[in-house]
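Here's the structure we're looking at; comments come further down.
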Amino acid sequence: MLSIDIAHRQGDFTLECAFDSDARVTGLFGPSGAGKSSLLRIIAGLVRPDRGRVELAGRCVFDSQAGVHVPAHRRRIGYVFQRARLFAHLNVRHNLGYGAWFAREKPVRARFEQVVDMLDIGPLLGRRIHGLSGGEQQRVAIGRALLSNPAMLLLDEPLASLDVARRQEVLPYIERLSAESELPILFVSHQLDELLRLANRRVVAIRDGRVTFSGPTAEFLAQPALLGAEQARDAGVLLRGEIVAHVLADGLTELACGGQLLYVPQVEHAAGAEITLHVRARDVMLARERPQDISALNVLEARIERLANDGDYAVNVQMRVGEQPLEARITRRSAQALALAPGQTVHAVIKSLALAEQAWERLGGL
Amino acid sequence: MFDPATLEVLSLSLWVATTAVLLSLPLALVVAWFLARSRWRGKMLVDALVHLPLVLPPVVTGYLLLVGLGRNSLVGGWLADTFGLVFAFRWTGAALAGAIMGFPLLVRPIRLSLEAIDTRVESAAATLGASPLWVALTVTLPLALPGVIAGLVLAFARALGEFGATITFASNIPGETRTLPIAIYTFIQVPGGEGRAAQLILISVAVSLAALVASELIARRVKRLQALA
């Protein structure tokens, strides 16, 4: 669906990226200054790269050898920028309608209402832009992009310019968008939690203008070196689980995970839904015997596969819970004290609270 | 209230100034756009050329126009023979003189408001399917409208008050090129003309004030419509 192979120089910075993705939601991850936005501008046709090839939704929009360069306005890209970039001289309704006016296939009225409904912007339609909050502006910008009838959606850190409260306001809409929309989405972020939440199947990581990883999100998460210093603390695994029941009295949700039960703070989705759980390695404790009388609710039986030194004092213990990977980051001292070795069965202890806000519905398609 | 001669001066002045400003607007937009957006180094020269009438003595501008566009000049003769367009000693000449004198004042506010526009909003429009021409028409120009209005008013006032270049290029012909300032000057030169001059002076003040107030009202309305915070 998305196939990129470009080289571009901008002053001292060289961008050289090649990757493919046929996932419906692809996460583009990298620290600030890695070239994420430049890459997006190239994909959208706002910047013409020095050489290479760009293919979107099966259509070649740039090929330096064949001399193909489709201008931005014919690429059918829905681009949501870090800042909303709304048209200050138009009201909300006309901002939303702007792209539709140029679209070859006009979105039908029902589509307009559907998008307005999904983003809850009905009450804003008659309003002027300057009266809107940052979160409202960003929702209108998302609607505007969707209604231009795009073949693909680019979300360039749409939450980055918002404060924490506004983020919480907009995030559920983007989540809904990536869960429900059939459009291919390229979601850019330098925040791991956002990425895991919205693009938990497929990740492309870039750093200093080069692709450092392209593949399944779970694989990416298991490699702290790729995450960068800032996010290495979040290294861990993605566990798949199914919601068994909600324990309303305790405010918990019970998950079945490889035949074992896990409790996490209540998740919104219904029983039966498949869930992805981000378990940070540093939140996992190990015990040789099944611990008694401890406060942690989750004790999983796991088999050790590999031990790897990580820095001066830490060890990463890679395990399997049934078929699924689990990882614990413990001190070398503890590893030696417990005499941990591959092949052993241990008990992995995870506090339920460490899993708060770490469970999301698995997004369809790979 | 006014005698026919005064009304004639007033309507001629308004007509000349309006024609001057409206006909120079398209070129002013193009020049302002070029000055605001081009990265070409030679644009400083264009900038200087546009501002020249502001610093040259108006009489010099008028003289240059007479030499360049008079009936006996190369360009003036060609224009007269091909299009029947005569400038010297006609109201068209007064309008041209007013347009040239007002041009820098028309270009400058448009240029400033164009420079103030966030071009990233224009790229957003491009990704929404708008070709460069449509971006200009539906995003850039509407956003620059306050500057366009400010420029129109300034240039109109300048054209209305234009004296030196007009009297040199188009002379002082009643009903043809005798605009407000020239009429005032003429009446002051004649013994007993002070009364009529005073009347015209009052009209001048009133028209200028009205233009300023109108532009302020329009600008406010535009700002409110655009909701530029």
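For the record, the sequence lines run as chains A and B.
Residues in the first sequence are numbered consecutively from 1, following the working numbering.
Residues in the second sequence are numbered consecutively from 1, following the working numbering.
For glycine and all other residues, C-beta sits at the position ideal for the given N, C-alpha and C.
Option in A:Gln336, A:Cys17, A:Leu353, A:Ala341 with minimal Cα separation from A:Ser295: The residue you call residue 295 of chain A lines up with position 295 of the first sequence. When each option's Cα is compared against that of A:Ser295, the closest is A:Leu353.
Proximity to A:Ile42 [Cα-Cα], best of A:Pro31, A:Arg75, A:Ser21: To locate residue 42 of chain A, count along the first sequence from 1; it is residue 42. The residue with the shortest Cα to Cα distance from A:Ile42 is A:Arg75.
Distance, B:Val9 Cα to B:Leu228 Cα: The sequence position of residue 228 of chain B within the second sequence is 228, counting from 1. The sequence position of residue 9 of chain B within the second sequence is 9, counting from 1. Any answer about B:Leu228 is weak, because its pLDDT of 44 lies below 50 and its placement is not dependable; what the coordinates show is given next. Linking B:Leu228 to B:Val9 through their CA atoms gives a straight-line distance of about 40 Å.
C-beta contact flag for B:Ala99 and B:Phe169 at 8 Å: Your numbering for residue 99 of chain B matches position 99 in the second sequence. Your numbering for residue 169 of chain B matches position 169 in the second sequence. Contact flag unset, no.
CB-CB length for B:Gly68 against B:Val75, believed under 8 Å: The count along the second sequence starts at 1 and reaches residue 68 of chain B at position 68. The count along the second sequence starts at 1 and reaches residue 75 of chain B at position 75. Right, the Cβ-Cβ distance comes to about 6 Å (below 8 Å), so this counts as a contact.
Beta-carbon neighbours of B:Arg120, restricted to chain A and to distances below 9 Å: Mapped onto the second sequence, residue 120 of chain B falls at position 120. The contacting residues are Phe81, Arg83, Arg85.
Minimum Cβ-Cβ distance from B:Gly129 to chain A less than 8 Å: As a first step, residue 129 of chain B must be located in the second sequence, where it is residue number 129. So, interface residue.
Cβ-based burial, B:Arg230 [other Cβ within 10 Å; buried from 16]: Outside the shown range of chain B (1 to 229) lies residue 230 of chain B, about which nothing can therefore be said.
First through last residue of the beta strand (DSSP E) which encompasses A:Gln10: Along the first sequence, read from residue 1 onward, the residue named residue 10 of chain A stands at position 10. For A:Gln10, the enclosing beta strand (DSSP E) stretches over residues 2-10.
Alpha-carbon to alpha-carbon, B:Arg37 and A:Gly365: For the purposes of this step, residue 365 of chain A is identified with residue 365 of the first sequence, where counting begins at 1. For the purposes of this step, residue 37 of chain B is identified with residue 37 of the second sequence, where counting begins at 1. Here the model assigns A:Gly365 a pLDDT of 37, short of 50, so the residue's position is not dependable, and the following value carries that caveat. Across the structure, A:Gly365 and B:Arg37 are spaced so that their CA atoms are roughly 45 Å apart.
Distance CB(A:Gly33)-CB(A:Val203) smaller than 8 Å: Working through the first sequence from its first residue, we reach residue 33 of chain A at position 33. Working through the first sequence from its first residue, we reach residue 203 of chain A at position 203. Taking 8 Å as the Cβ cut-off, A:Gly33 and A:Val203 do not qualify as a contacting pair.
Environment of B:Trp40 [buried if 16+ CB atoms lie within 10 Å]: If you number the second sequence from 1, residue 40 of chain B lands on position 40. So B:Trp40 ends up on the exposed side.
Where A:Ala151 meets chain B, residues with beta-carbon distance less than 8 Å: As a working mapping, residue 151 of chain A is identified with position 151 in the first sequence. Neighbours of A:Ala151 across chain B, judged by C-beta separation under 8 Å, do not exist; the nearest C-beta is about 12 Å away.
Where B:Leu143 meets chain A, residues with beta-carbon distance less than 9 Å: Along the second sequence, one-based indexing puts residue 143 of chain B at 143. Think of a sphere of 9 Å around the beta carbon of B:Leu143: the chain A residues whose beta carbon falls inside it are Phe87, Ala88, His89, in chain order.
Within chain A, partners of B:Ser123 - CB distance below 9 Å: Within the second sequence, the letter at position 123 stands for residue 123 of chain B. Neighbourhood of B:Ser123 in chain A, by CB distance below 9 Å: Arg41, Ala44, Leu46, Ala72, Tyr79, Phe81, Arg85, in chain order.
Opening and closing residue of the beta strand (DSSP E) in which A:Val164 lies: As a position in the first sequence, residue 164 of chain A is number 164, starting the count at 1. DSSP places A:Val164 outside any beta strand (DSSP E); the residue lies instead in the alpha helix (DSSP H), whose first and last residues are 164-180.
A:Arg51 classed as buried or exposed, judged by whether at least 16 other C-beta atoms fall within 10 angstroms: If you number the first sequence from 1, residue 51 of chain A lands on position 51. The residue is exposed, with fewer than 16 neighbouring Cβ atoms inside 10 Å.
Residues of the region 10-32 of chain B whose Cβ lies closer than 7 Å to any Cβ of chain A, in chain order: Along the region 10-32 of chain B, there is no position whose C-beta sits under 7 Å from a C-beta of chain A.
Other residues of its chain near A:Glu16: CB distance less than 7 Å, five sequence neighbours each side excluded: In the first sequence, residue 16 of chain A corresponds to position 16, counting from 1. Excluding five sequence positions before and after A:Glu16, the CB atoms of its chain that fall closer than 7 Å to its own CB belong to Ala7, Gly209, Arg210, given in chain order.
Helix, strand or coil at A:Gly365 [DSSP, three-state]: Here residue 365 of chain A corresponds to residue number 365 of the first sequence, with the count starting at 1. For A:Gly365, the predicted structure reports a pLDDT of 37, less than 50, and the residue's modelled location is therefore unreliable. A value from the coordinates is still provided. Secondary structure at A:Gly365: coil, using DSSP grouped into helix, strand and coil.
8 Å Cβ cutoff, B:Ala116 in contact with chain A: Numbered from 1 along the second sequence, position 116 holds the residue referred to as residue 116 of chain B. No, B:Ala116 does not count as interfacial toward chain A.
Exposure of A:Asp156, with buried meaning 16 or more beta-carbon neighbours within 10 Å: Here residue 156 of chain A refers to the residue found at position 156 when the first sequence is read from its first residue. Classification of A:Asp156: buried, given that the 10 Å Cβ count is 16 or more.
Beta carbon proximity, A:Ala57 to chain B, threshold 8 Å: Residue numbering aside, residue 57 of chain A sits at position 57 when the first sequence is read from its first letter. False, the Cβ-Cβ gap to chain B never drops below 8 Å.
Minimum length 4: unbroken alpha helix (DSSP H) runs contained in the region 65-140 of chain A: The qualifying runs are 92-102, 109-119.
Which of helix, strand or coil DSSP assigns to A:Arg282: Your numbering for residue 282 of chain A matches position 282 in the first sequence. Three-state result, A:Arg282: helix.
Cβ-Cβ distance between A:Gly99 and A:Leu147 below 8 Å: Looking up residue 99 of chain A in the first sequence gives position 99. Looking up residue 147 of chain A in the first sequence gives position 147. In this structure, A:Leu147 lies closer than 8 Å to A:Gly99 by Cβ.
A:Ser161 - containing beta strand (DSSP E), residue span: Counting from 1 along the first sequence, the entry for residue 161 of chain A is found at position 161. For A:Ser161, there is no enclosing beta strand (DSSP E), since its DSSP letter is neither H nor E.
Proximity below 8 Å, CB of A:Leu206 to CB of A:Gly45: Taking the first sequence and counting its residues from 1, the one referred to as residue 206 of chain A is at position 206. Taking the first sequence and counting its residues from 1, the one referred to as residue 45 of chain A is at position 45. One point to set straight first is that residue 206 of chain A is Ile, not Leu, in the sequence displayed. Contact flag unset, no.
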